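Residue numbers (this note's numbering): -3 to 253.
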């Protein structure tokens, strides 16, 4: 195994152009890791890193398990804030910034029906809710620390479509009691550490994992290292569960549809 650090080369701003610069480097690092038969594990400050990860390999046979308190399903037309990372899932499912993604690498949209969104409890604005409701994405909301649907059953449905996934974990999906140090304002009622670990194991027992991301840790908002310890525990779970015998084979076995 090896560690690749991608530093900022200029003052970073939340914008499409800045994201392209960073994700071009992410794409190269992930592609190299896959070529070495390693599991790419990306530790990122923003969810739009998913563009660089997926751009690194043929993901036409790949689903996505996206664990996040937010949908990240806005587009330039629906967003109020203009927050680029809030469009991340919309980008990789083909709703916006296709040409930008193509500059980074493979920009094949992931079919909505090959996406599962877990941990959702904060949608904004109303247009994002409407977009998500009209989509084919399977959503498991989280309220008061509990899922509103059976996670295993939702993953089983996805497993009928694809054998491989990209696993994306935004730490704000966790309850603020175990992860206060995140980029966005923490949203109460999220996953416990044990629930997140159980979910990761559930994913890794059902699918080959092409790559995994743990995103949005913000040390400046952490309290007494709580979020850091939680993040390290998640990384250990990912490596143990997804890095041993569940690494997706190059080329895959089934096209997402």
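Even for Gly, the Cβ is constructed at its ideal location relative to N, Cα and C. Here the structure is a predicted model, which means the values were calculated and not measured.
If you draw a straight line from the Cα of residue 33 to the Cα of residue 207, it comes to about 11 angstroms. In the DSSP assignment, the residues bridged to residue 163 are 61 and 208. Taking C-beta separations shorter than 7 angstroms and ignoring five residues to either side along the sequence, the partners of residue 97 in its chain run 47, 51, 87 and 103, following chain order.
The DSSP-derived three-state label of residue 67 is coil.
Contact check for residue 230 and residue 199: beta-carbon distance about 12 angstroms, past the 8 angstroms limit, so the pair fails to qualify. Under the three-state reduction of DSSP, residue 156 is assigned to coil, being neither helix nor strand. With a 10 Å radius around the Cβ and a threshold of 16 neighbouring Cβ atoms, residue 149 comes out exposed.
Annotated as distal: residue 40 and residue 93, with beta-carbon spacing of 8 angstroms or more.
Less than 8 angstroms divides the Cβ of residue 43 from the Cβ of residue 212. Taking every protein chain shown into account, the CB of residue 131 has 16 or more other CB atoms within 10 angstroms, so this residue is buried. Of 196, 15, 205 and 185, the smallest CA-CA separation from residue 142 is found for 185.
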